[in-house]
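Protein chains in written order, with our numbering: chain A, 3 to 781; chain B, -19 to 577. Ideal placement from N, C-alpha and C gives every residue a C-beta, glycine not left out. Since we're looking at a predicted model, the values are computed, not measured. Read the structure below first, then the notes.
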Amino acid sequence: MTANRLAESLLALSQQEELADLPKDYLLSESEDEGDNDGERKHQKLLEAISSLDGKNRRKLAERSEASLKVSEFNVSSEGSGEKLVLADLLEPVKTSSSLATVKKQLSRVKSKKTVELPLNKEEIERIHREVAFNKTAQVLSKWDPVVLKNRQAEQLVFPLEKEEPAIAPIEHVLSGWKARTPLEQEIFNLLHKNKQPVTDPLLTPVEKASLRAMSLEEAKMRRAELQRARALQSYYEAKARREKKIKSKKYHKVVKKGKAKKALKEFEQLRKVNPAAALEELEKIEKARMMERMSLKHQNSGKWAKSKAIMAKYDLEARQAMQEQLSKNKELTQKLQVASESEEEEGGTEDVEELLVPDVVNEVQMNADGPNPWMLRSCTSDTKEAATQEDPEQLPELEAHGVSESEGEERPVAEEEILLREFEERRSLRKRSELSQDAEPAGSQETKDSGSQEVLSELRVLSQKLKENHQSRKQKASSEGTIPQVQREEPAPEEEEPLLLQRPERVQTLEELEELGKEECFQNKELPRPVLEGQQSERTPNNRPDAPKEKKKKEQMIDLQNLLTTQSPSVKSLAVPTIEELEDEEERNHRQMIKEAFAGDDVIRDFLKEKREAVEASKPKDVDLTLPGWGEWGGVGLKPSAKKRRRCPVVLLSRFLIKAPEGPPRKDKNLPNVIINEKRNIHAAAHQVRVLPYPFTHHWQFERTIQTPIGSTWNTQRAFQKLTTPKVVTKPGHIINPIKAEDVGYRSSSRSDLSVIQRNPKRITTRHKKQLKKCSVD
Amino acid sequence: MQWPPPWRRSPLVSATPPPGPTRGLLCPRRVSEAGDSSTEGARTGHRHYVTPAESAMEGRSQPLPSLRPASPTNAPAHGRGSDCTAKEPPLANVCRQNYGAAQDPVEPAGRRSASHVTGSSLGKAEVACGRRWRWAELLADTSWSPAGRATEMKVKMLSRNPDNYVRETKLDLQRVPRNYDPALHPFEVPREYIRALNATKLERVFAKPFLASLDGHRDGVNCLAKHPEKLATVLSGACDGEVRIWNLTQRNCIRTIQAHEGFVRGICTRFCGTSFFTVGDDKTVKQWKMDGPGYGDEEEPLHTILGKTVYTGIDHHWKEAVFATCGQQVDIWDEQRTNPICSMTWGFDSISSVKFNPIETFLLGSCASDRNIVLYDMRQATPLKKVILDMRTNTICWNPMEAFIFTAANEDYNLYTFDMRALDTPVMVHMDHVSAVLDVDYSPTGKEFVSASFDKSIRIFPVDKSRSREVYHTKRMQHVICVKWTSDSKYIMCGSDEMNIRLWKANASEKLGVLTSREKAAKDYNQKLKEKFQHYPHIKRIARHRHLPKSIYSQIQEQRIMKEARRRKEVNRIKHSKPGSVPLVSEKKKHVVAVVK
């Protein structure tokens, strides 16, 4: 194709050159005077001719190359400049003359307009029409959605739907259409109008209306009484507040504050049990309060009181103590509440002794244990921990103290205060040496003398720790309870232990502790005093090696071997036992142990065996006891034959009254330990039972409930019976049911009829449609 | 083996419970092999379901009536012998009468079970005695203390207050004393089950739907039309061009018109009921007056429109003087003009039926031979959408209560209910016919529709169910061509090939005529019972059982086999191909070929 074309164009070219019968304008435009130039131009023209031939065969516009008087406006071309003619070029000379401004404007407007696009073909237009029309119709139809839904879900539908209008028109309507004609009537109406009697619609005089609107007497009275009561109550309250405010006794206020604090604490405790989420919120509030307190710098020694005390402190011991307390308070406030997830390193300088004692491995491992599956990792943590504890066999006496506290926590002693106090005493004496090196590090002192609210705060802080570090809750409480009275009496020295006490158990956490968690929760209320067993304490000391195997033994007892082994059927034993038999591989056993512990609560195997035993018992044929009460003694309903009578029955008689049931056939599941086969299935009953849950019901109890509710009049009152048996669709015999209309359901039907619409403009397309059309075509 | 042997069984145990449904119907299976674990579950206490036997036991577990007062275990201690009776609680309640629901609200619940002792109601008195120790319990804390018994004892005599049993006027209802204590009416579920069973059986016994056959046509009945104002008037057009108007109450033909040459293809009445239109094979549309001509006058149509092509169907607008015909295209006509005011077409095949939407009256639906259903908007004079199905749709019908729902009767034995806004998936596929469905009509309540089929039967489908609830057939009824549901939603008419129009009850076992209030109550109760227990296998079987002609029956079997084979093949194909390469197409989507915008 292209080759052909090329050939053709070339041919044309040669013709153009050689033949004289070229088009006239070519001839006209040619100027043959110059030689070389002429040749060049010819060549140029030739090229142009070729290019024009190659493309669309457009007529070449004439080129004006010399000045002439006659300039045709149709022959204006921009050929000389080698560009297209642009509108701006035409406008350039116009710029100067202002008289042609309108023309200019018009031209610029023309410039801004685009060329009109080709119309779409008919099919596409039709398709767009259809789409637009369909969308419109769907929109119209969607107004029926709520009606349809309502009708589908309706309890009862009464057809025909149209409501019959009441035959009797209301009196107002009748009156409005009626006019007084006779003189008598006119007179009467005049009278009525004079007295402002309403003739038409409301049928109430203005006075009546006003009275209706007004409050009734009883109502007014009630309202007044209510107001009076409220006022009286307010005055009482105010008086009381004033009275209380006037009390100057500091002690009183202290007591009040303390009481409040206690109450708040109790409430918080309650809340924690009932609604942990709310308790957390409360905690947050407390934290905020602490922050506020901290920002207020109340407990810095910059206050007036503090300054005075600072002066006094040199000489007065008490003042020094007070100062110290305030300082400690300040420290406590400025210290941030510890978060459970944070590792212990963040807990500040108080811990440095401990950090020395316990290697980092422990912490790391514990962090890991919080990860994906604690059960799988637990074994190694416990191992490392044991190793760690083994690493530092003879240690500072603190460790022992920790050990004590640990074991305390472990064995869940609800420590009596005396015991605790004694322990503290001992520990203090042991600690004295190390304490010397440490400067007085204030930590959670429970008591401050100056403000009760502070006390609550700190108390609640402790509580918050409890809540967050769930596992150590019980211990902490015991210790805090223990410390409170002591602290009151003594120097801040024992206070130091408390954070240790609080934080230590986290590291020494074991599985038992976790298990005990649940128990601890329930024991919290009871506060059973239980002495700390010294032997157990010693068991936990680091150089006491054999504690690990002991523990294991304890763990193994979780699923009772004995119970399993004592089941009657031998086959059961053979199949069930391997699961709990000792495995030679140590690690695997450990692993199993873990899993067993995890599911320690639900002993499935035993449950199943028990269930099976019960099923077997139930299916055994029962002996028939024909002994009757009443022969020789009192009889009646609910009486059993006396034991004496039964006992006295000789063997012969027994055989007469008590018919022994024969042994039934052997059970099918006798040799199947893991299966219970019910042999009591009643085929006759099964024919009357539903096997699959029917469609609209989502749960079997729903279905059962509907079945169990009787609907008959035997069980229900007449009214209930009628209500329960209302049919879903009610039709009246002999009444034509017309299709639903817009007016029936409260919609407005279209005012214009379909016919008028179609006659007015059969192929009408609104402007909106046009717009839509455009949009569609663009798409 | 039965144990204990029947002769040894005490009456307590041997009483067989009435066969009935029990509560433990759906208990999950615990057993791996065979067996239902309902009884076992009850024993273990995990799930407490009761089998009939157990429920029977339960019912009897209350103390047996005996005339001698039993010594209650937790009643105040008393010695043996004669003083026992003296310390009994007074028989106050025995003398009380209790009528119906009018009960003293202050009374403790136990007292309500009291009944009066008369000669006839000794049995009740016994029950009362048996339950007395419970009252003692209830009353112990109030008036009944051992110390004050002697002083506070009230003896109530029989009271014969006429207020309690005499009617005020003769027109009053008789007072019937009723006691609703559930203890007195045990076994409610089994009893209602039995009632439901009986109701279902009776329904089948009384199911006689066929009412009348209107004969007179001399060729197959091709089309039917209802009169919009008169229930009793029906119009029918036959294949020989004859139109007849029938009176249903008298069951006779009141007028006969030879309307067309060749088939009467379509017939429709004007919305006001004064005239009707017919189209025939002779390319004409004719308008006729509903009333016959005067004596001696000839039967003449009001208007006749001569068309260029054959018209195959006609339908009238529901409110205005406009009607639509179909053939080569859908034409909308003004009654006053001889040319259509608008004609719409989409595609080239002949259109077999056109229907106006009864609610949004400017909408039309049509179905054509090229397997499609086209919707039109008359106001905008344009088709809206087209859905192409597997096979040809014979006719459609709009739901008179739901503006956007219509049902299409298809050649592939199925009916498809569409929401016209979402044509790509039918709302429901109704399948039960075993041959092409020729006609469909909605009940005026919009809850059900009836379909006529080439398989010589008509079926009634609930709109939201895929299976029919009823099938009607007679030995003589041939291919049913047209069907209509009367406007009071009580009857169904069908016109068939063998020249008859048959009248059926829409509800096969319904009693015709006026019902007394008691009959109505019983009917409603039975209906509710049937509904309540419809899922029980026994009842379901009876309710679903229908006698079918052998041809239909064997066809159903055959088609079931075919369907199963197809399903199996599909399953196999999915199983043996790369996962995901063979898509699983739902039954609803399977039959829709395309939706054309």
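Amino acids of chain A, ordered along the chain, whose beta-carbon sits closer than 7 Å to that of residue i
i, result
"proline 363 of chain B", "Arg132"
"methionine 358 of chain B", "Asp756, Ile760"
"isoleucine 285 of chain B", "Within 7 Å Cβ-Cβ: nothing; isoleucine 285 of chain B doesn't reach chain A, min ~17 Å."
"arginine 401 of chain B", "Ala140, Leu143"
"glutamate 645 of chain B", "With chain B covering -19 to 577 only, the question about residue 645 of chain B has no answer from this structure."
Integer-rounded CB distance, given that residue j should sit under 8 Å from residue i
i, j, result
"leucine 403 of chain B", "valine 573 of chain B", "Incorrect: roughly 11 Å between the Cβ atoms, too far for contact."
"leucine 395 of chain B", "valine 367 of chain B", "Wrong, their Cβ atoms sit about 14 Å apart, outside the cutoff."
Contact list for residue i against chain A, beta-carbon separation under 8 Å
i, result
"valine 169 of chain B", "Ile709, Gln710, Pro712"
"glutamate 172 of chain B", "Pro712, Ile713, Gly714"
"isoleucine 312 of chain B", "Ile760"
"aspartate 504 of chain B", "Thr727, Thr728, Pro729"
Counterpart residues of residue i in DSSP-defined beta bridges
i, result
"arginine 439 of chain B", "B:Ser431, B:Val451"
"cysteine 203 of chain B", "B:Gly217"
"glutamine 267 of chain B", "B:Phe257, B:His283"
"glutamine 230 of chain A", "Per DSSP, none; premise fails for glutamine 230 of chain A."
"glutamine 238 of chain B", "B:Glu222"
"serine 755 of chain A", "Per DSSP, none; premise fails for serine 755 of chain A."
"proline 320 of chain B", "B:Trp313"
"glycine 305 of chain A", "According to DSSP, glycine 305 of chain A bridges with nothing at all."
"threonine 387 of chain B", "B:Cys377, B:Thr397"
"proline 667 of chain A", "DSSP, once it has assigned bridges, lists no residue as partnering proline 667 of chain A."
Where residue i meets chain B, residues with beta-carbon distance less than 7 Å
i, result
"glutamine 761 of chain A", "Ile321"
"valine 150 of chain A", "Glu382"
Listed by chain order, chain B residues near residue i by CB distance under 8 Å
i, result
"tryptophan 717 of chain A", "Tyr160, Pro162, His165, Glu168"
"asparagine 2 of chain A", "There is simply no residue 2 of chain A to check, as chain A begins at 3 and stops at 781 in what is shown."
"leucine 726 of chain A", "Lys508"
"valine 731 of chain A", "Thr425, Lys427"
"alanine 689 of chain A", "Pro517, His518"
Under 9 Å from the C-beta of residue i: neighbouring residues of chain B
i, result
"glycine 736 of chain A", "Leu211, Asp468, Lys470"
"arginine 615 of chain A", "The contacting residues do not exist; arginine 615 of chain A stays about 10 Å from chain B at best."
"proline 696 of chain A", "Gln514, His515"
Contacts that residue i makes with chain D (C-beta to C-beta distance below 9 Å)
i, result
"tryptophan 146 of chain A", "No chain D is part of this structure, whose protein chains are labelled A and B."
Under 9 Å from the C-beta of residue i: neighbouring residues of chain A
i, result
"lysine 577 of chain B", "Arg129, Arg132, Glu133, Phe136"
Given 8 Å as the limit, is there contact between the stretch 199 to 216 of chain B and the stretch 431 to 448 of chain B, that is, 3 or more CB pairs closer than that? no
Touch test, the stretch 137 to 144 of chain A against the stretch 368 to 381 of chain B, Cβ-Cβ under 8 Å, three pairs minimum: no
With three or more C-beta pairs closer than 8 Å as the rule, is the stretch 659 to 669 of chain A touching the stretch 612 to 630 of chain A? yes
If you pair each beta-carbon of the stretch 175 to 186 of chain B with each one of the stretch 266 to 278 of chain B, do three or more pairs fall below 8 Å? no
Answer yes if the stretch 459 to 466 of chain B comes into contact with the stretch 427 to 434 of chain B, meaning at least three C-beta pairs across the two stretches below 8 Å, and no otherwise. yes
For the stretch 700 to 713 of chain A and the stretch 157 to 172 of chain B, state whether three or more C-beta atom pairs, one from each stretch, are separated by less than 8 Å. At 8 Å Cβ cutoff, the stretches touch.
Should the stretch 688 to 705 of chain A be called in touch with the stretch 152 to 163 of chain B, which here means at least 3 C-beta pairs below 8 Å? no
Please confirm if the stretch 301 to 312 of chain A is in contact with the stretch 328 to 338 of chain A, defined as three or more CB-CB distances below 8 Å between the two stretches. yes
Only counting runs of 4 or more residues, tell me where the alpha helix (DSSP H) segments fall wholly within the stretch 148 to 197 of chain A, in order along the chain. 173 to 178, 185 to 196
Please confirm if the stretch 332 to 352 of chain B is in contact with the stretch 286 to 301 of chain B, defined as three or more CB-CB distances below 8 Å between the two stretches. yes
Any chance you could list the beta strand (DSSP E) runs of at least 3 consecutive residues sitting entirely within the stretch 459 to 509 of chain B, in chain order? 460 to 465, 471 to 476, 480 to 485
Would the stretch 497 to 504 of chain B and the stretch 478 to 489 of chain B be scored as touching if the rule is three or more Cβ pairs under 8 Å? no
Measuring CB atoms only, is the stretch 508 to 524 of chain B touching the stretch 173 to 183 of chain B, in the sense that at least three cross pairs come out at less than 8 Å? yes
Which runs of the beta strand (DSSP E) at least 3 residues long sit entirely within the stretch 708 to 746 of chain A? Give them in chain order. 731 to 733
Any chance the stretch 405 to 412 of chain B sits against the stretch 325 to 333 of chain B, with 3 or more Cβ pairs inside 8 Å? no
Taking only runs that begin and end inside the stretch 252 to 283 of chain A, name each unbroken alpha helix (DSSP H) of 4 or more residues, in chain order. 252 to 276
Check whether the stretch 214 to 226 of chain B touches the stretch 193 to 200 of chain B, taking contact to mean three or more Cβ pairs, one atom from each stretch, closer than 8 Å. yes
Using 8 Å as the cut-off, can you tell me whether the stretch 229 to 236 of chain B makes contact with the stretch 256 to 269 of chain B, which would need three or more C-beta pairs spanning the two stretches below that distance? Not touching, per the Cβ criterion.
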